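Residue numbers (our numbering): 67 to 282.
Laid out in structure tokens, this is it:
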């Protein structure tokens with residue numbers, strides 16, 4: 067059963083890579099700056115390869131985000147596409163027609179059709195997220211999430227940004243996303259590339275509590 071599923075997925079990925087094979091402006095596929103793993107990553111890389119061959123990476127990125135918005139704003143369509151009881155061929159017909167009606171490019175339409183054919187529409191958010199991650203890396207953007215107990219003021223944010231920029235290369239751009247989690251009590255938690263820095267009060271309290279109990 068697992069072998070059959072894997073064979074089906076590989077066949078779908080081959081279809082994705084062949085999307086642009088008939089184009090007169092076919093170029094050599096660009097190598098992605100990073101590797102994204104998992105099923106979502108495989109589909110994202112296949113689409114990246116296909117889009118790079120026709121120099122359509124930026125266009126496809128924009129369209130994928132529009133597809134995501136379309137599904138988020140249309141609960142009935144989203145539920146239909148992710149319903150396991152609906153035949154995958156019926157899903158394919160519907161999503162392809164919806165995207166054609168909304169004037170999406172053939173590459174994006176065909177890709178979504180392949181996701182439906184492989185019964186992977188339930189993973190569409192993950193696939194789009196993986197593709198966006200590859201594109202951000204291509205532009206030299208480094209994702210950073212800063213979580214604090216309360217919203218940071220402008221002065222603190224400016225100082226923090228200056229400090230975090232020291233962790234990225236000169237040809238990279240830091241993209242900071244801030245979140246508030248009151249359970250941290252105080253301090254902050256920073257996720258920056260491979261770095262994870264926990265300076266929250268909640269964690270300090272937990273460590274102190276374990277130390278007092280004689281735990282490691």
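In this text, a Cβ means the ideal position worked out from N, Cα and C, and glycines have one as well. All figures in this text were calculated on a predicted structure; none of them were measured in a lab.
DSSP three-state assignment for residue 174, whether helix, strand or coil: As a working mapping, residue 174 is identified with position 108 in the chain shown. If DSSP states are grouped into helix, strand and coil, residue 174 belongs with the helices.
Simplified DSSP state of residue 123, which is helix, strand or coil: Here residue 123 is taken as the residue at index 57 of the chain shown, counted from 1. DSSP places residue 123 in helix when its eight states are reduced to three.
Backbone secondary structure at residue 139 - three-state DSSP: Locating residue 139 in the chain shown gives position 73, counting from the first residue. Residue 139: helix per DSSP, three-state reduction.
Cβ-heavy atom distance, residue 130 to the ligand COA, below 7 Å: In the structure shown, the ligand COA is absent, as is every other ligand, since no ligand is present at all.
Terminal residues of the beta strand (DSSP E) in which residue 267 lies: By 1-based counting over the chain shown, the position of residue 267 is 201. From DSSP, residue 267 is part of no beta strand (DSSP E) but of the alpha helix (DSSP H) over 267-278.
Rounded distance between the beta-carbons of residue 254 and residue 214, thought under 8 Å: Taking the first residue of the chain shown as position 1, residue 214 is located at position 148. Taking the first residue of the chain shown as position 1, residue 254 is located at position 188. Correct: roughly 5 Å between the Cβ atoms.
Range of the contiguous beta strand (DSSP E) that encloses residue 100: Taking the first residue of the chain shown as position 1, residue 100 is located at position 34. For residue 100, no beta strand (DSSP E) segment is defined, and its DSSP state is neither H nor E.
Cα-Cα separation, residue 251 to residue 267: Position 185 of the chain shown, counted from the start, is the residue given in the question as residue 251. Position 201 of the chain shown, counted from the start, is the residue given in the question as residue 267. Residue 251 and residue 267: Cα-Cα distance of roughly 6 Å.
Start and end residues, alpha helix (DSSP H) containing residue 240: Locating residue 240 in the chain shown gives position 174, counting from the first residue. Premise fails: residue 240 lies in the beta strand (DSSP E), 239-246, not in any alpha helix (DSSP H).
Whole-angstrom C-beta distance between residue 187 and residue 232, which should lie under 8 Å: Looking up residue 232 in the chain shown gives position 166. Looking up residue 187 in the chain shown gives position 121. 42 Å between Cβ atoms; not a contact.
Cβ distance (whole Å) where residue 193 is taken to contact residue 110 below 8 Å: Translated into positions along the chain shown, residue 193 becomes position 127. Translated into positions along the chain shown, residue 110 becomes position 44. With a Cβ gap of about 6 Å, residue 193 and residue 110 count as contacting.
Inter-residue Cα distance where the pair is residue 89 and residue 247: One-based indexing of the chain shown puts residue 89 at position 23. One-based indexing of the chain shown puts residue 247 at position 181. Bear in mind that a pLDDT of 47 at residue 89, under 50, signals an unreliable position, so the number given afterwards is only what the model happens to contain. Here the alpha carbon of residue 89 sits roughly 49 Å from the alpha carbon of residue 247.
Cβ distance (whole Å) where residue 146 is taken to contact residue 133 below 8 Å: Translated into positions along the chain shown, residue 146 becomes position 80. Translated into positions along the chain shown, residue 133 becomes position 67. No, residue 146 and residue 133 are not in contact; Cβ-Cβ is about 14 Å, not under 8 Å.
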